[in-house]
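Peer 1: Residue numbers for the sequence shown follow numbering that gives the first Met the number 0, beginning at 0 and rising by one.
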Amino acid sequence: MVRLSAEPLEGVNTVVGPESLVDAIVGADAVVVALALTPDTEGILGRNEFELMEKHAWVVNVGRGRHIVTEDLVWALQEGEIGGAALDVTNPEPLPEGHPLWAMPNCIITPHIGNTPAMAVPLLSARIAENVRRYVNGEPLVGCIDPELGY
Numbered sequence: 000m001v002r003l004s005a006e007p008l009e010g011v012n013t014v015v016g017p018e019s020l021v022d023a024i025v026g027a028d029a030v031v032v033a034l035a036l037t038p039d040t041e042g043i044l045g046r047n048e049f050e051l052m053e054k055h056a057w058v059v060n061v062g063r064g065r066h067i068v069t070e071d072l073v074w075a076l077q078e079g080e081i082g083g084a085a086l087d088v089t090n091p092e093p094l095p096e097g098h099p100l101w102a103m104p105n106c107i108i109t110p111h112i113g114n115t116p117a118m119a120v121p122l123l124s125a126r127i128a129e130n131v132r133r134y135v136n137g138e139p140l141v142g143c144i145d146p147e148l149g150y
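#1: Express the C-alpha separation of F49 and G82 in angstroms, rounding to a whole number.
#2: Give the range of the beta strand (DSSP E) segment to which A85 is assigned.
#3: To the nearest angstrom, report how far apart I67 and A125 are at their CA atoms.
#4: In three-state terms, what does DSSP make of A35?
#5: Is the CB-CB distance between G45 and D87 below 8 angstroms?
#6: CA-CA distance, I112 and G62?
#7: Would you check if the distance between the CB atom of C106 and the CB atom of A84 is smaller than 8 angstroms?
#8: For the alpha helix (DSSP H) holding V73, just list the boundary residues, first then last.
#9: Tell me where the beta strand (DSSP E) around N60 begins and ends.
#10: Out of P146, E147, E129 and K54, which one is the CA nearest neighbour of P139?
#11: Are E53 and A27 close, meaning C-beta to C-beta below 8 angstroms?
#12: On the three-state DSSP scale, how would you describe I24?
#13: From the DSSP secondary-structure annotation, give me the bridge partner or partners of V30.
#14: Between which two residues does the beta strand (DSSP E) containing I144 stretch?
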C-alpha cells in the first residue's frame, strides 16, 4: 500500500510512502486508486506508470477521475499495455457519449456509486456522533481537514 505515511497499517503486508509509488506499481496485479485529489495526486497515473505495470494488471479508480490521465489510460487499454480498468470515476465526469472508454471490452465503468448511502450513512453518523460527544467534552475532533495537506 502506498500512503502519505509509511507507518504500518493493520491488515496490510507492506506500506510505503509516495516516493515508492513506482516500486509498488511494478509487478502489481492491480492498482487501486482511493485517495484524496490534491495537486500532488492529480494525474498520479499516466503513461509512464502504465508502462511499468504488468500487461495483465488492472487499474481500479474509486478516488477521483483526475487521478488518472484519461488519454494515457485510453492508450494503455488500446495497446494492451495493461489488462483493464474498472472506473467508478472518470475525467471528465460524466464521460461523454461516444468516448472511447465506453466501447472498450477491457474497461468497466460504474456511475460513481462506489460509496453508497447504505455504506456512507452509518459511517458518517458514527463520526458525527463521536465529534459531537468530543466537542461537548472539550476533546479534539476526529477527521478534521488539514489545509496544508489539502484534505
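Ideal Cβ positions, reconstructed from N, Cα and C, are used throughout, including at glycine. Model, not experiment: these values are computed from the prediction.
Peer 2: Here's the rundown:
#1: Walking along the sequence shown from the start, residue 82 turns up at place 83. Walking along the sequence shown from the start, residue 49 turns up at place 50. Spanning the two alpha carbons is a distance of roughly 10 angstroms.
#2: Residue numbering aside, residue 85 sits at position 86 when the sequence shown is read from its first letter. G83 to L86 is the extent of the beta strand (DSSP E) around A85.
#3: Your numbering for residue 67 matches position 68 in the sequence shown. Your numbering for residue 125 matches position 126 in the sequence shown. Rounded to whole angstroms, I67 and A125 show a C-alpha spacing of 32 angstroms.
#4: Taking the first residue of the sequence shown as position 1, residue 35 is located at position 36. Here A35 sits in coil by DSSP.
#5: As a working mapping, residue 45 is identified with position 46 in the sequence shown. As a working mapping, residue 87 is identified with position 88 in the sequence shown. Against a cut-off of 8 angstroms, the Cβ pair of D87 and G45 comes out as no contact.
#6: In the sequence shown, residue 112 corresponds to position 113, counting from 1. In the sequence shown, residue 62 corresponds to position 63, counting from 1. For I112 and G62, the distance between alpha carbons rounds to 11 angstroms.
#7: Translated into the one-based positions of the sequence shown, residue 106 becomes position 107. Translated into the one-based positions of the sequence shown, residue 84 becomes position 85. In this structure, A84 lies closer than 8 angstroms to C106 by Cβ.
#8: Locating residue 73 in the sequence shown gives position 74, where the first residue counts as 1. Note, V73: alpha helix (DSSP H), T69 to Q77.
#9: By one-based count along the sequence shown, residue 60 stands at place 61. Here the beta strand (DSSP E) through N60 covers W57 to N60.
#10: Looking up residue 139 in the sequence shown gives position 140. Minimum Cα distance to P139 is reached at E129.
#11: In the sequence shown, the residue the question calls residue 53 occupies position 54. In the sequence shown, the residue the question calls residue 27 occupies position 28. The answer is yes: Cβ separation under 8 angstroms.
#12: Mapped onto the sequence shown, residue 24 falls at position 25. The answer is helix: DSSP assigns I24 an H, G or I state.
#13: Here the question's residue 30 lines up with position 31 in the sequence shown. Answer is V58, bridged to V30.
#14: Translated into positions along the sequence shown, residue 144 becomes position 145. Careful: I144 lies outside any beta strand (DSSP E) and carries neither H nor E.
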